[in-house]
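Novice: Chains as they are written, first to last, in my numbering: chain A, 1 to 125; chain B, 126 to 540.
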């Protein structure tokens, strides 16, 4: 392949593919066990409607707290053990104790020292 | 301009392999750094430190990155980029590992500050670009500088969520160890540059008179166009650092949701990939000087419009996209101009000085933003200062002579 736009696109594509693989493994590790209750991030298949997600959370014995920018991921609270397992039975893909994806930018010289950001992402005690 | 030799490097070190390895190094070097802010919460919580402890480590890191740039560049010019990149990667990895186990403030400052700062000086895109300039055909040089800068930008964009996922999956200390491990790939990848070592190496295309480091510095700072370029790069640092630090609180104070304020920075990062690459492509086809004039002028216009119109989610998104396109797109034409003025022989060091000016501007942008906000109760003064500096940078780039420095031509004629 010659050096040009195609080369750049192919390189970018391979990098993104590797990144997606690593993210997949990490997110699988980060998923909460089925017996977990409390505040969680419930992730549904992309394209799930708000109504369907809402019903799933209620049927699992929990309550929706707020939607996220992703649309198919909701912060939900379950007060009884096994909430995550029930969410999965209702169609959720996984549940997390933290919001595992979020924005950040370093710039050439700057790193944010916002020590509150972790609290925003952290759901489980 | 003399060309020592264009003899072929060892077979597998083709320009394509060098570019892939260089881009991965740029990505790896910028990546973990963009995740640093994610660790302040859990680290401070575990150790019981205030944010001032982490902030000092970051300040040390930035100043050493900037101040170490000319030295790392000179080492790369003298011995080739490979050992410098490899050493930088090892120091970076050690710094990240030390962060994970640091139980005293001194150890944190040594790891996150000194080691990572020096690691960045040795392993970031400035050295990669100097290596590309030696090993990539001249007609692809600007493009290669663009793709290296874009790769660094992409590293920022991809590593931040990955750092967060690592923390969620494995805890913050293991996450740091994983990031440290990823930096050990740098010495492996740096091997691709091994054929470009040393200014007397006959296997690479080194251009520019062999006049010695001190003489090169003396001639560079006597050359008006180089001084103007370095002054302009100061403005780039000022604006980037000010926006990265102060845009989110500025937006939330104006009623924008914290989520969109944070995502505006991510949007800048995403468009930065496109802007950096496009800048490299354009730099190979048109005047680099005019490209820089246009960049700074558009930054000034975009910022002026942004602060004059009411702040809405739409204006935030448009401004973030515009600034993203203009963000690191100064790097390929700036490094390209240094190579054009003085050749590639001292490119690492001379670009390092320009980058140091960038880092000083960044320091002042962050500091002044905070100081003037405290004194005036708003960011208005610094925003307008940023507009004025953008216009200043556009003006000072205009008279830059886009040709080899006369002193260099004279030295080459004598050689």
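For every residue, glycine included, the Cβ atom is placed at its ideal position computed from N, Cα and C.
Only counting the same chain, and skipping five residues up and downstream in sequence, which positions put a Cβ closer than 8 Å to that of residue 544(B)?
Specialist: In this structure chain B extends from 126 to 540, so residue 544(B) is not present and cannot be described.
Novice: Just to confirm, are residue 452(B) and residue 393(B) a CB contact at a threshold of 7 Å?
Specialist: A contact, by the Cβ cut-off of 7 Å.
Novice: Using the beta-carbon of each residue, which ones in chain A are nearer than 9 Å to residue 295(B)?
Specialist: 26, 29, 30, listed in chain order.
Novice: Given a cut-off of 7 Å on the beta-carbon distance, is the pair residue 291(B) and residue 303(B) in contact?
Specialist: Against a cut-off of 7 Å, the Cβ pair of residue 303(B) and residue 291(B) comes out as a contact.
Novice: Write down the C-beta distance between residue 242(B) and residue 190(B) rounded to the nearest angstrom, noting that I regard them as a contact closer than 8 Å.
Specialist: About 5 Å; that satisfies the 8 Å criterion.
Novice: First and last residue of the beta strand (DSSP E) that includes residue 425(B)?
Specialist: Segment 413-433 is the alpha helix (DSSP H) holding residue 425(B); no beta strand (DSSP E) there.
Novice: Would you mind reading off the limits of the beta strand (DSSP E) that contains residue 66(A)?
Specialist: Looking at the DSSP string, the run of the beta strand (DSSP E) that includes residue 66(A) is 62-67.
Novice: Once you ignore the five residues that flank residue 91(A) on each side, which residues in its own chain have a CB closer than 8 Å to its CB?
Specialist: Cβ within range, chain order: 44, 45, 48, 52, 56.
Novice: So if DSSP puts residue 72(A) in a beta bridge, which residue, or which two residues, is it bridged to?
Specialist: Beta-bridge pairing links residue 72(A) to no other residue.
Novice: Against chain A, with Cβ distances strictly below 7 Å, would residue 481(B) count as a contact?
Specialist: Judged by the 7 Å Cβ criterion, residue 481(B) is not in contact with chain A.
Novice: Can you list, in chain order, the residues of its chain with a C-beta nearer than 6 Å to that of residue 63(A)? Leave out the 5 residues immediately preceding and following it.
Specialist: Only 77 meet the Cβ criterion.
Novice: Along the alpha helix (DSSP H) that carries residue 288(B), what are the first and last residues, could you check?
Specialist: Looking at the DSSP string, the run of the alpha helix (DSSP H) that includes residue 288(B) is 266-295.
Novice: Using the Cα positions of residue 488(B) and residue 481(B), report the straight-line distance between them to the nearest angstrom.
Specialist: Approximately 11 Å between the Cα atoms of the pair.
Novice: By the criterion of Cβ-Cβ separation under 7 Å, what are the contact partners of residue 43(A) in chain B?
Specialist: Neighbours of residue 43(A) on chain B: none; closest Cβ ~12 Å, over 7 Å.
Novice: With a threshold of 16 other CB atoms inside 10 Å of the CB of residue 425(B), please say whether the residue is buried or exposed.
Specialist: The residue in question, residue 425(B), is buried, as its Cβ has 16 or more Cβ neighbours within 10 Å.
Novice: Indicate whether at least one CB of chain A lies closer than 7 Å to the CB of residue 283(B).
Specialist: Answer yes: the Cβ-Cβ gap between residue 283(B) and chain A drops below 7 Å somewhere.
Novice: So which residues of chain A does residue 498(B) contact, with C-beta pairs closer than 7 Å?
Specialist: Neighbours of residue 498(B) on chain A: none; closest Cβ ~16 Å, over 7 Å.
Novice: Under 8 Å Cβ-Cβ, which residues of chain A neighbour residue 69(B)?
Specialist: Outside the modelled stretch of chain B, which goes from 126 to 540, sits residue 69(B), for which no answer is possible.
Novice: Given this structure, state the Cα-to-Cα distance separating residue 404(B) from residue 88(A), to the nearest angstrom.
Specialist: Between residue 404(B) and residue 88(A), the C-alpha separation is close to 47 Å.
Novice: Kindly indicate which residue of 462(B), 288(B), 478(B) has the alpha-carbon position closest to the one of residue 529(B).
Specialist: Of 462(B), 288(B), 478(B), the residue nearest in Cα terms is 462(B).
Novice: If you drop the 5 nearest sequence neighbours on each side, which residues of the same chain put their C-beta closer than 6 Å to that of residue 59(A)?
Specialist: Result list for residue 59(A): 90, in chain order.
Novice: Once the 5 residues before and after residue 178(B) are set aside, which same chain residues still bring their CB inside 6 Å of it?
Specialist: Once the five neighbours on either side are set aside, the close Cβ partners of residue 178(B) are 230.
Novice: Examine the Cβ distances between the region 460-477 of chain B and the region 188-204 of chain B and report whether three or more of them are shorter than 8 Å.
Specialist: They touch, by the three-pair rule.
Novice: Return the CA-CA distance between residue 5(A) and residue 269(B), expressed in angstroms with no decimal places.
Specialist: Straight-line Cα distance between these residues: approximately 11 Å.
Novice: Can you tell me where the beta strand (DSSP E) with residue 512(B) in it begins and where it stops?
Specialist: Careful: residue 512(B) lies outside any beta strand (DSSP E), inside the alpha helix (DSSP H) at 505-522.
Novice: Note down, in chain order, every chain B residue with its Cβ under 7 Å from the Cβ of residue 96(A).
Specialist: Result: 293.
Novice: Kindly indicate which residue of 208(B), 301(B), 352(B) has the alpha-carbon position closest to the one of residue 163(B).
Specialist: Here the closest residue by C-alpha is 301(B).
Novice: For the pair the region 217-233 of chain B and the region 515-522 of chain B, tell me if three or more CB-CB distances fall below 8 Å.
Specialist: Cβ pair count under 8 Å is below three, so no.
Novice: Between the region 345-360 of chain B and the region 443-452 of chain B, can you find at least three pairs of beta-carbon atoms closer than 8 Å?
Specialist: Short answer: they don't touch.
Novice: Going along chain B, which residues have a C-beta under 7 Å from residue 54(A)?
Specialist: Within 7 Å Cβ-Cβ: nothing; residue 54(A) doesn't reach chain B, min ~21 Å.
Novice: For a quick check, are the C-beta atoms of residue 450(B) and residue 396(B) less than 7 Å apart?
Specialist: It is a contact, given that the beta carbons lie within the stated cut-off.
Novice: Spatial neighbours of residue 298(B) within its chain, please: CB distance less than 6 Å, with the 5 preceding and 5 following residues excluded, ordered by chain position.
Specialist: Within the same chain, residue 298(B) has close Cβ partners 225.
Novice: Three Cβ pairs or more, each shorter than 8 Å: is that satisfied between the region 313-320 of chain B and the region 497-505 of chain B?
Specialist: No, the region 313-320 of chain B does not touch the region 497-505 of chain B.
Novice: Using a cut-off of 9 Å between C-beta atoms, extract the partners of residue 473(B) located in chain A.
Specialist: Result: empty, since nearest Cβ-Cβ is about 17 Å, beyond 9 Å.
Novice: DSSP three-state call for residue 79(A): helix, strand or coil?
Specialist: Looking at residue 79(A) - three-state DSSP - the assignment turns out to be coil, as it is neither helix nor strand.
Novice: When the Cα atoms are used, what is the spatial distance from residue 554(B) to residue 389(B)?
Specialist: A query on residue 554(B) cannot be resolved here, the shown segment of chain B reaching from 126 to 540 and no further.
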